[in-house]
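Written out below as structure tokens is the structure these notes cover.
In the working numbering, the protein residues as written are 2 to 119.
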């Protein structure tokens with residue numbers, strides 16, 4: 002009689018790295034503000050072994066404008082990295098440390114769009 006072996010018992014166990022509800026809420030908050038300002042248009046979430054990626058796009062047919070990557074370090078801890086076209090902008094241990102790299106700073110308003118007080 003032959004013996005059955007479950008292949009799942011012999012495969013290495015890799016923990017799925019994902020954004021928590023709190024982290025995703027913070028990411029979508031920044032995303033919503035930038036969409037309202039007309040800066041971003043689309044986003045994508047990707048999961049790879051040991052990595053979760055949130056990418057934002059200015060247009061659907063372009064490369065990501067920013068990517069926020071959550072990587073597993075030492076099997077337990079996570080590290081967040083914000084990149085722009087392969088250039089690392091910010092790195093930190095929490096999502097709150099890296100989000101300021103995404104928020105747009107003050108900008109000059111053209112005279113034809115300025116609001117004048119009455």
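Glycine is no exception: its CB is placed at the ideal position from the N, C-alpha and C atoms. Since the model is a prediction, treat every value here as computed from it, not as a measurement.
*To the nearest angstrom, how far is it from the Cα of residue 90 to the Cα of residue 110?*
25 Å
*When the Cα of residue 32 is compared with those of 101, 93, 9, 82, which residue comes out closest?*
101
_Whole angstroms are fine: how far does the CA of residue 36 sit from the CA of residue 42?_
6 Å
*For residue 116 versus residue 99, is the C-beta distance shorter than 7 Å?*
no
*Nearest-angstrom beta carbon gap, residue 80 and residue 72 [assumed within contact, 8 Å]*: 5 Å
*In whole angstroms, what separates the C-alpha of residue 26 from that of residue 66?*
20 Å
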